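*Asks:* What follows is a structure written as structure tokens; I'll ask about it next.
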Amino acid sequence: MKSVYSQSFFLSAGESNAEREMSLPLLTSKIIDIATAHANSLGIGNPVMDHLGCGWVLSRIAIEMERYPRVNETYTLSTWVESWNRHFSVRNFRVDGEDGKPIGYATSVWMVLDMATRSNAGLSHLTLRDEMIDGTRCPIDRISKHAAIVPMNFSGELPRGAIRATAPGVNHVFGYCDLDFYRHVNTVRYVSLLMNMFTLEEMDRSFVRRLELSFLREARYGETVRLLRVDDDLHTSFALSDAAGAPEDEERPGEEVLFAVVVREPRNFS
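Residues in the sequence shown are numbered consecutively from 22, following the numbering used here.
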């Protein structure tokens, strides 16, 4: 058992994006994979959780990158548990480039999902030795509070703290390939959905400096959701909500599934 778990990877051409670097969905997938591997090594991973009728699920995550691993580059992911209480666990990550220097970090909050009730089962039934809780904070900002987003054509008084979308809502139906082991929509599918809201030209000129995801509930197979966005230069806020039975121009959003923030930064072509 180790309090800090590390694993190195090689980014192949088949894994890279159009800018010849690691895509954000792939990075998110690798982050989840190494968290799972570390939890397994600590005796609190999927085999134990499955026996208890539970599973680890992501509640919130922030990823912040100086740059992304490039095609044909070997990179290293490290993870550790910062804190642990009755309800949630904070787990952090570091991404090192081929030279061993940090190129990005992530901080995340995890909960244990009761597979029967689909509610937070808490962590009190799990045991993690004190020396396995590293305690080191992640050197990036914590996940921010997200404002509610209302559709562009919302005609009533804005709810307190809410902001108006700057683009029409986009509807999406989750299908079979969006699901994971827990039979709900996989985190990586949400990231792909968000990234597909940007054009190739936008991503050729900029890269995602920071991503924030805050999950409010599960989304399931066949569910229709509406994605609302607010653009402020290179800062984009998203809200994903239930859209079942409502036309695309519905004034009021449904029950929220996810809030997200994507902060882009111009690429340095020098």
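Backbone N, C-alpha and C fix where the C-beta goes; we use that ideal spot for every residue, glycine too. Note that the structure is predicted; figures quoted are calculated from it, not measured.
1. What residue range does the alpha helix (DSSP H) around residue 164 cover?
2. Output the distance between the C-alpha atoms of residue 264 and residue 275, rounded to the nearest integer angstrom.
3. Round the Cβ separation of residue 280 and residue 215 to the nearest angstrom and send it over; I've been treating them as touching at under 8 Å.
4. Assign residue 207 to buried or exposed, taking buried as 16 or more other Cβ atoms, counted over all protein chains shown, within 10 Å of its Cβ.
5. Measuring straight from C-alpha to C-alpha, what distance separates residue 8 and residue 172?
6. Sorted by chain position, which residues of the same chain lie with C-beta nearer than 7 Å to residue 285's C-beta, five sequence neighbours on each side aside?
7. Would you mind working out which of 83, 109, 176 and 121 sits nearest residue 98, comparing C-alpha positions?
8. Does the beta-carbon of residue 174 have 16 or more other beta-carbons within 10 angstroms, so that it is buried, or is it exposed?
9. With DSSP run on the structure shown, which of helix, strand or coil describes residue 183?
10. I'd like to know whether the C-beta atoms of residue 136 and residue 74 end up nearer to each other than 8 Å.
11. Counting only the same chain and skipping the five closest in sequence on each side, list residues whose C-beta sits under 6 Å from that of residue 83.
12. With a Cβ-Cβ cutoff of 8 Å, do residue 46 and residue 213 count as a contact?
13. Please report how far the alpha carbon of residue 29 lies from the alpha carbon of residue 100, in whole angstroms.
14. Hey, could you find the ends of the beta strand (DSSP E) residue 34 is sitting in?
15. When every heavy atom of the ligand MG is checked, does at least one fall within less than 7 Å of the C-beta of residue 164?
16. Can you check whether the CB of residue 188 is closer than 8 Å to the CB of residue 250?
17. Pairs of beta-carbons, one from the region 176-187 and one from the region 217-224, closer than 8 Å: are there three or more?
18. Would you give the residue range spanned by the alpha helix (DSSP H) that residue 176 belongs to?
19. By the DSSP assignment, the alpha helix (DSSP H) with residue 60 in it spans what residues?
20. Have a look at the DSSP bridge pairing and note the partners of residue 259.
21. With 16 other CB atoms within 10 Å as the buried threshold, where does residue 22 fall?
22. Leaving out five residues on either side along the sequence, give the residues of the same chain with a beta carbon under 7 Å from the beta carbon of residue 200.
23. What are the residues that DSSP puts in a beta bridge with residue 86?
24. From the DSSP secondary-structure annotation, give me the bridge partner or partners of residue 92.
25. What are the residues that DSSP puts in a beta bridge with residue 134?
26. If you compare alpha carbons, which of 196, 39, 25 and 43 is closest to residue 32?
*Replies:* Reading off the structure:
1. Run containing residue 164: none; DSSP gives neither H nor E here.
2. 6 Å
3. With a Cβ gap of about 11 Å, residue 280 and residue 215 do not count as contacting.
4. buried
5. It is not possible to answer for residue 8, since the shown part of the chain is limited to 22 through 291.
6. 227, 228, 229, 230 and 255
7. 121
8. exposed
9. coil
10. yes
11. 128, 164 and 233
12. yes
13. 12 Å
14. Neither: residue 34 is in no beta strand (DSSP E) and is coded neither H nor E.
15. The model on display carries no ligand, and the ligand MG is accordingly not part of it.
16. yes
17. no
18. No alpha helix (DSSP H) contains residue 176, which DSSP labels as neither H nor E.
19. 45-62
20. 250 and 281
21. exposed
22. 206, 207 and 242
23. 125
24. For residue 92, which the question treats as bridged, DSSP gives no partner whatsoever.
25. 76 and 141
26. 43
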